[in-house]
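> Numbering (the working numbering), first residue to last: 30 to 336.
If you want it as structure tokens, here you go:
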């Protein structure tokens, strides 16, 4: 394991507050450091959120634990009907063809919406989940698909957390100070699964103002096992059981999708910020839901790629 005192190595050239830097070679080493330093430490994976926050001194961890040398953290696998995503799987690793089937198509499309290419090259799936940005495409996908998060602690071992219980509020999760998100598990979608995604952004690469993801299984002419969620509108992404019930065992149609869009827009409790007020976000929710549902009809089940 490598340790560097950043303020000693770079002196006044460093803009972030002084911190100690560690580069463990195993997850166990990283967990021991988290157990030792707790709330004063932060995990560094892609660094696309942490580094800018530290540079602006919005985040001032005394200890930074860089996990990029942990080789075991890079390889995804599929077992027991679940895709197991490790801590260092980058956004770009979900490019078309990287993961087979409808789940791979969904992940490839969402990865193409994430910020810019430099961010996609360095940022990680698990890092985005742990960061819990309201406008994160991956956080929305985790909630809609029913992901499970595996967190580990040197003291307490591993625990599994359902996506619906993982996100608490803006950039806050149920992870303890000494826990590391070591895996996210997504259920593999069946061959008959279809999806549609739509988001509204001021311009390409900016934070979304609203987004919606719809997934269902196509049973002849009917939609079954419908899952519908909205992100970037409330503090955390969430599914809408009322809307899912309206769609389940129904034949897809634009008229039905418009009705569902209006229902979801009335159910949300939109936040207001410098990007958009609550009323605008409510309108964008209606549009995002309608268009996400419409896109399930216009794309082959395994269509891939960015919009």
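Built from N, CA and C at the ideal position, the CB exists for glycine as well.
Given the structure is predicted, the values throughout are model-derived calculations rather than measurements.
Can you tell me where the alpha helix (DSSP H) with residue 292 in it begins and where it stops?
Residue 292 -> alpha helix (DSSP H) spans 283-296.
> Determine the DSSP secondary structure at residue 96, reduced to helix, strand or coil.
In this structure, residue 96 counts as coil in the three-state DSSP scheme.
> Considering only the alpha carbon of each residue, which of 243, 289, 251, 273 lies closest to residue 139?
When each option's Cα is compared against that of residue 139, the closest is 243.
> Would you tell me roughly how many angstroms separate the C-alpha atoms of residue 150 and residue 105, rounded to the nearest one?
Between residue 150 and residue 105, the C-alpha separation is close to 17 Å.
> Kindly provide the ranges of any alpha helix (DSSP H) runs that are 4 or more residues long and lie completely inside the stretch 179-241, ordered along the chain.
DSSP runs (the alpha helix (DSSP H)) wholly in the stretch 179-241: 192-195.
> Is the stretch 128-144 touching the stretch 161-174, taking contact as three or more C-beta pairs under 8 Å?
The answer is yes - the stretch 161-174 touches the stretch 128-144, with three or more Cβ pairs under 8 Å.
> Mind checking which residues open and close the alpha helix (DSSP H) that includes residue 66?
Counting along the chain, the alpha helix (DSSP H) containing residue 66 begins and ends at 56-66.
> By DSSP, does residue 332 sit in helix, in strand, or in coil?
Any reading at residue 332 is ruled out, since the residue's pLDDT is 48, under 50, leaving its predicted position unreliable.
> In the DSSP assignment, find the alpha helix (DSSP H) that holds residue 78 and state where it starts and stops.
Per DSSP, residue 78 belongs to no alpha helix (DSSP H) and is neither H nor E.
> Quick one: is residue 301 buried, meaning 16 or more other Cβ sit within 10 Å of its Cβ, or exposed?
Flag for residue 301 reads exposed.
> Determine which residues share a DSSP beta bridge with residue 153 and list them.
Answer is 119, bridged to residue 153.
> Using only the alpha-carbon positions, how far apart do residue 223 and residue 320 sit?
Each residue's Cα considered, the two are about 14 Å apart.
> Give me the Cα-Cα distance between residue 266 and residue 171, rounded to the nearest whole angstrom.
Taking the straight line from one Cα to the other gives about 9 Å.
> Can you tell me whether DSSP reads residue 130 as helix, strand or coil?
Residue 130: helix per DSSP, three-state reduction.
> Just verifying my parser: in three-state terms, what is the DSSP assignment at residue 252?
Correct three-state label for residue 252: strand.
> Which residues in the same chain as residue 268 place their Cβ atom closer than 7 Å to its Cβ, once the five residues preceding and following it in sequence are excluded?
Closer than 7 Å at the Cβ level, and outside the excluded window around residue 268, lie 172, 173, 256, 257, 258.
> Are the Cβ atoms of residue 31 and residue 47 separated by less than 8 Å?
Their beta carbons are not under 8 Å apart, which means residue 31 does not touch residue 47 by this criterion.
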